[in-house]
Each structure stands twice: as structure tokens, then as C-alpha cells.
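Structure first, commentary second.
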Amino acid sequence: VTEPDLKGRHVVVSAGGTREPLDPVRFLGNRSSGKQGYALARTAAARGARVTLLAANTALPDPAGVDVVPVGTAVQLREAVLKAAADADAVVMAAAVADFRPAAYAEGKIKKKDGHDPDPIVLVRNPDILAEISADRARPGQVVVGFAAETDDVLANGREKLRRKGCDLLVVNEVGERRTFGSEENEAVVLGTDGSETPVPHGPKEALAETVWDLVVQRLK
Ligand code: PMT
Numbered sequence: 180v181t182e183p184d185l186k187g188r189h190v191v192v193s194a195g196g197t198r199e200p201l202d203p204v205r206f207l208g209n210r211s212s213g214k215q216g217y218a219l220a221r222t223a224a225a226r227g228a229r230v231t232l233l234a235a236n237t238a239l240p241d242p243a244g245v246d247v248v249p250v251g252t253a254v255q256l257r258e259a260v261l262k263a264a265a266d267a268d269a270v271v272m273a274a275a276v277a278d279f280r281p282a283a284y285a286e287g288k289i290k291k292k293d294g295h296d297p298d299p300i301v302l303v304r305n306p307d308i309l310a311e312i313s314a315d316r317a318r319p320g321q322v323v324v325g326f327a328a329e330t331d332d333v334l335a336n337g338r339e340k341l342r343r344k345g346c347d348l349l350v351v352n353e354v355g356e357r358r359t360f361g362s363e364e365n366e367a368v369v370l371g372t373d374g375s376e377t378p379v380p381h382g383p384k385e386a387l388a389e390t391v392w393d394l395v396v397q398r399l400k
């Protein structure tokens, strides 16, 4: 039996991957399926929370009893996070957010010009949503959780990212073309600003989600 230890709480979860359009046909994106974020949303709802799920380009069924808000780009996700986080007890950023977006959007499909090299794609920086909401909490005591998708020096990069982003907890997971993205399973270490390190062995994404909520509940008390 699941403890309703998030009853009366509002939690916000982001899931999926942002898409940054180049023209009406193409975008820069990433391999996130949204499964880890959806597992977080489902498990929080089962524990009694009111859940807002900000879903970036996912193709998964809406979890029962969860308020799902679809978003496309990092800029749109930022708007949705700021709005939903205003009265949230916890915000968990499981979405894979593009750090950069194309500087220009072509209103018509970009054509190839015979005999010419393609134009380079110029990128500009996207807002860092996690750093922003961590630095400027919408309410006192709000717990902010980030994820770190790393391909190498996983723990060292994770510790550095926890410091840089300013969140309370950082879930460090290893990713690759066939690792974590789209899979039903994950394994991670959850780093806390209190120096804690909680390893979560390889298993269903729900199991990692439950550990995240356990750590959030401890911090909400
Ligand atoms: O969706 P799945 O297929 O189940 O895969 C799950 C996952 C691998 C996508 C997920 O577990 C995960 O690691 N999500 C975070 C991916 C990511 O963007 O990591 P990052 O290390 O680039 O970013 C660190 C943190 O900052 C993340 O919480 C991210 O949401 C946030 N961020 C990043 C950039 C940005 N401009 N704004 C942000 O808020």
C-alpha cells in the first residue's frame, strides 16, 4: 500500500525533450522519451500529490489524475515551469532541455542551393530554467530537483552541476545512444546539497522515482 505522504502537496514535473525549430520542417532535439518524467508524475499522484506534468514532445498516454501541459521549446517550457511552480511544494526537472537554440527561424523550408556549401547553423543560449527557479524560489521551502544526463565522469560532473545549478537534489544518470533514453529502466545516484549520496540500482524508472519522492518528502518536513 502506497503511503499518501504527498497528500495536500502540489508537485511539478517536467518530462521529455525540447525541440528547437530551424524552419517549419526541422528542429534540434534530443533522445528523451519522457518515460522517467512520467514515472515521477505517476508515482507522485499515487502518493497523493496534485501533479502538473509539463510534457515536452512526448508520445506517452496521459497519466491518470495528472494535469498534463504540452510544451515544445525550452522557452515555452520555462514559461510553463514559472507558471506552475508559483504554488508548488516541489519541482522536478526530468526534461532534457536544449542549452542552445538556432539564432534564426526560417519562415519557409530551408532550401539547398546547388553548388553552394550549406550555411552554418548559428546558435544562441537558452535560459537555464533549473538555475533560475533554484536561485529565485517561488515559495520558501520549495524543494527543487534537477537531473544530470552525463556520458563520462558521471559523479564528478554531477557534483559540479549540483553546485552550479543551485538545486537541493540532483539525480545523476548515465546516458548514451542506447542507454537510459527510451528505456524502461534507469540507475542513478541522487546527490544532496547536504553531502548525501543515494545510489539507486538498475531497475524500473518507477523505483528511481519513488526514491526521489522519499528524499523530497524528507526535505518538505
Ligand atoms: O525521457 P527518458 O527517455 O526516460 O530519459 C530520461 C532522461 C535521461 C532524459 C532523464 O533521466 C534526464 O537525465 N533528464 C535531464 C536531461 C538533461 O537535460 O540533463 P542536463 O545535464 O543537460 O541538464 C541538467 C538539468 O538542468 C536538468 O534537470 C535539466 O532539466 C535542466 N536544464 C538544462 C538546460 C536548460 N537550459 N535548462 C534546464 O532547466
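Using the UniProt record's numbering, the letters of the sequence shown correspond one by one to residues 180 to 400. C-beta: ideal position from N, C-alpha, C; glycine also.
The Cβ atoms of ALA388 and LEU219 sit closer than 8 Å to each other.
Under the Cβ criterion (8 Å, minimum of three pairs), the region 226-246 does not count as touching the region 295-307.
Secondary structure in the region 346-386: the beta strand (DSSP E) runs of 3 residues or longer, each lying completely within the stretch, are 348-353, 364-371, 376-383 in chain order. By the CB criterion at 8 Å, ALA317 and GLY345 fall outside the cutoff. Contact annotation: GLY227 and LYS186 have beta-carbon atoms nearer than 8 Å. Contact between LEU201 and ILE300 holds, since their C-beta atoms are separated by about 7 Å, short of 8 Å. Apart from sequence neighbours up to five positions away, the residues of its chain that approach SER313 with a beta-carbon distance below 7 Å are VAL323, LYS344, GLY345, CYS346, ordered along the chain. Beta-bridge pairing by DSSP links ALA269 to VAL190, VAL322. Judged by beta-carbon spacing, PHE326 lies within the 8 Å limit of ALA273, meaning their Cβ atoms are closer than that value. Assignment of LEU302 by DSSP, reduced to helix, strand and coil, places it in the strand class. Considered as a whole, the region 227-283 harbours 229-235, 246-250, 269-272, 279-281 as its complete beta strand (DSSP E) runs of no fewer than 3 residues, in chain order.
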